[in-house]
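Below, the structure is given as structure tokens:
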């Protein structure tokens with residue numbers, strides 16, 4: 024039986040009850056349950072580590088690295104940072120009480136939150152970069168260093184700032200469990216107004232706005248595509264005034280970004296629901312939420328870290344990319360060129 028949210032678990036210095044997150048004081052089949060949890064999350068860690076490193080190596084072997092690919096690499100590095108927290112989570116599942124100190128308590132949830140922000144904003148940056156290039160009707164450069172540096176700095180600084188409350192307000196506090204005082208790592212907001220303000224602003228700025236930017240960019244590209252096709256149909260041939268055509272690889276890229284965004288929201292939505300339930304609980308509503316549920320939701324969300332590179336490579340590279348890693352033969356299948364001059368073979372990007 025879980026006691027973490029019952030009134031008997033109040034702090035000794037008050038009557039407030041805190042959610043214990045990864046500290047779960049199990050009494051029945053403790054060892055068996057913990058072994059299953061460890062195997063599940065360890066499997067996610069190993070698969071994610073291998074696939075993300077493979078994807079990074081594969082992209083680094085490409086003869087040509089364009090600006091969009093730099094933001095995709097940033098996405099893979101954010102996934103690696105995300106799964107780096109798994110060993111700490113497993114330690115707590117075995118010890119139950121928090122033994123890793125204040126700093127790890129603050130950094131654990133801060134990095135989880137930060138990596139999620141970086142992931143979606145990186146996807147948004149790729150879509151915006153492609154849309155701008157297409158609207159300007161310019162050839163995609165090998166790599167615009169200025170855009171990449173400013174973009175990456177902006178992504179990480181913005182994400183670090185908006186996720187900062189996770190570092191400031193996660194604390195190690197004493198909790199009474201079955202008559203014994205133990206240390207837990209939990210979220211302690213100064214007041215309910217600040218919690219509501221952060222919940223709303225964080226979801227809007229770090230998830231809804233980037234998601235909408237991808238949808239808007241995708242819609243804009245579809246309009247450009249329709250305009251080009253209508254022009255070709257009406258003229259019956261390639262017009263002399265038609266200097267460029269949108270590359271088919273850009274459509275593949277945008278389709279992939281849309282799939283990645285959908286999978287991201289699908290796998291992170293349970294976390295949003297947990298945050299909402301914790302907010303409702305802090306409004307003094309009696310909601311029972313076992314820490315084991317939070318653990319499995321986290322495991323499900325962590326699975327997104329290996330789904331990102333898999334979906335990206337399957338949709339864009341159209342090759343057995345893991346074989347390319349081992350055989351060291353990589354075909355140049357993704358350039359994300361925005362335009363192709365009219366004097367080149369237009370059939371390749373029709």
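Numbering (the working numbering), first residue to last: 24 to 373.
Quick reminder that beta carbons are idealized off the backbone N, C-alpha and C, glycines included.
Subject >> Residues bridged to residue 207 [DSSP beta-bridge criterion] >> reply: Locating residue 207 in the chain shown gives position 184, where the first residue counts as 1. Its beta-bridge partners are 196.
**OP:** Jot down the residue ranges of each uninterrupted alpha helix (DSSP H) in the segment 98–132, minimum 4 residues, whole runs only, in chain order.
**Re:** 109–118
**OP:** Say whether chain B places a C-beta atom closer than 8 Å to the C-beta of residue 105.
**Re:** Going by chain labels, chain B is absent from the structure shown, which holds only one protein chain.
Original post:
Apart from the five residues on each side of it in sequence, which residues of its chain come closer than 7 Å, Cβ to Cβ, to residue 79?
Top reply: As a first step, residue 79 is located in the chain shown; it is residue number 56 there, counting from the start. Its chain contains 96, 99 as the residues whose beta carbon lies nearer than 7 Å to that of residue 79, once the 5 sequence neighbours on both sides are disregarded; these appear in chain order.
**OP:** Whole angstroms is fine: what's the gap from residue 235's alpha carbon to residue 200's?
**Re:** Numbered from its first residue, the chain shown carries residue 235 at position 212. Numbered from its first residue, the chain shown carries residue 200 at position 177. Approximately 44 Å, taken between the alpha carbons.
Subject >> Stretch pair the segment 104–123 + the segment 185–193: three plus CB contacts closer than 8 Å >> reply: no
**OP:** May I have a chain-ordered list of the alpha helix (DSSP H) segments no shorter than 4 residues that lie completely inside the segment 35–76?
**Re:** none
Subject >> Alpha carbon of residue 76 to alpha carbon of residue 70, nearest angstrom >> reply: Stepping through the chain shown from its first residue, residue 76 is reached at position 53. Stepping through the chain shown from its first residue, residue 70 is reached at position 47. Cα-Cα distance, rounded: 10 Å.
Original post:
Exposed or buried, which one is residue 41 when buried takes at least 16 other CB atoms within 10 Å?
Top reply: Along the chain shown, one-based indexing puts residue 41 at 18. Its Cβ being crowded by 16 or more others within 10 Å, residue 41 is buried.
**OP:** Helix, strand or coil for residue 186, going by three-state DSSP, please let me know.
**Re:** Within the chain shown, numbered from 1, the residue matching residue 186 stands at position 163. Coil.
**OP:** Taking residue 317 as the reference, give the member of 60, 53, 222 with the closest Cα.
**Re:** Sequence index remark: in the chain shown, residue 317 carries index 294 (1-based). Nearest option by C-alpha distance: 60.
Subject >> Closest Cα partner of residue 290 within the set 312, 329, 300, 303 >> reply: Reading the chain shown from its first residue, position 267 is the one you call residue 290. Ranking 312, 329, 300, 303 by Cα distance to residue 290 puts 329 first.
Subject >> Local Cβ density within 10 Å of residue 184, reported as buried at 16 or more and exposed below that >> reply: Here residue 184 refers to the residue found at position 161 when the chain shown is read from its first residue. With fewer than 16 other Cβ atoms within 10 Å, it is exposed.
Original post:
With 16 as the cutoff for other CB atoms within 10 Å, does residue 150 come out buried or exposed?
Top reply: The residue labelled residue 150 in the question sits at position 127 within the chain shown. So residue 150 ends up on the buried side.
Original post:
Is it true that the CB of residue 147 sits closer than 8 Å to the CB of residue 213?
Top reply: In the chain shown, residue 213 corresponds to position 190, counting from 1. In the chain shown, residue 147 corresponds to position 124, counting from 1. In this structure, residue 147 does not lie closer than 8 Å to residue 213 by Cβ.
Original post:
What span of residues does the alpha helix (DSSP H) with residue 229 cover, start to end?
Top reply: The residue labelled residue 229 in the question sits at position 206 within the chain shown. Here residue 229 belongs to no alpha helix (DSSP H), and DSSP marks it neither H nor E.
Original post:
Within this structure, are the beta carbons of residue 245 and residue 279 separated by less than 8 Å?
Top reply: Here residue 245 refers to the residue found at position 222 of the chain shown. Here residue 279 refers to the residue found at position 256 of the chain shown. Cβ distance not < 8 Å, so residue 245 and residue 279 don't count as in contact.
Original post:
Do the segment 125–139 and the segment 100–107 make contact, defined as three or more Cβ pairs closer than 8 Å?
Top reply: yes
**OP:** Measure the alpha-carbon distance for residue 157 versus residue 296 and round it to whole angstroms.
**Re:** Within the chain shown, the letter at position 134 stands for residue 157. Within the chain shown, the letter at position 273 stands for residue 296. Looking at the two C-alpha atoms, the distance is approximately 37 Å.
Original post:
For residue 345, does the three-state DSSP call read helix, strand or coil?
Top reply: The residue given as residue 345 occupies position 322 in the chain shown. With a pLDDT of 48 at residue 345, under the threshold of 50, the modelled position of this residue cannot be trusted, and the question is left open.
**OP:** Taking all protein chains shown into account, decide if residue 91 is buried (16 or more other Cβ within 10 angstroms of its Cβ) or exposed.
**Re:** As a working mapping, residue 91 is identified with position 68 in the chain shown. That one is buried.
**OP:** Measuring alpha carbon to alpha carbon, tell me which of 127, 180, 174 ends up nearest residue 152.
**Re:** Translated into positions along the chain shown, residue 152 becomes position 129. Here the closest residue by C-alpha is 174.
Original post:
Can residue 215 and residue 306 be called in contact, C-beta distance under 8 Å?
Top reply: Taking the chain shown and counting its residues from 1, the one referred to as residue 215 is at position 192. Taking the chain shown and counting its residues from 1, the one referred to as residue 306 is at position 283. Yes, they are a contact pair.
**OP:** Leaving aside the five residues before and after residue 223 along the sequence, list all residues of the same chain whose C-beta is less than 8 Å from its C-beta, in chain order.
**Re:** The sequence position of residue 223 within the chain shown is 200, counting from 1. None.
**OP:** Would you mind giving the Cβ-Cβ distance between residue 277 and residue 240, rounded to the nearest angstrom? I have them listed as a contact below 8 Å.
**Re:** Here residue 277 is taken as the residue at index 254 of the chain shown, counted from 1. Here residue 240 is taken as the residue at index 217 of the chain shown, counted from 1. The Cβ separation is near 7 Å, so the contact holds.
Original post:
In chain order, what residues of the same chain have a beta carbon less than 6 Å from the beta carbon of residue 294, not counting five sequence neighbours either side?
Top reply: Translated into positions along the chain shown, residue 294 becomes position 271. Contacts found: 324.
Original post:
Taking just the CA atoms, how far does residue 101 sit from residue 178?
Top reply: Counted from its first residue, the chain shown places residue 178 at position 155. Counted from its first residue, the chain shown places residue 101 at position 78. Spanning the two alpha carbons is a distance of roughly 11 Å.
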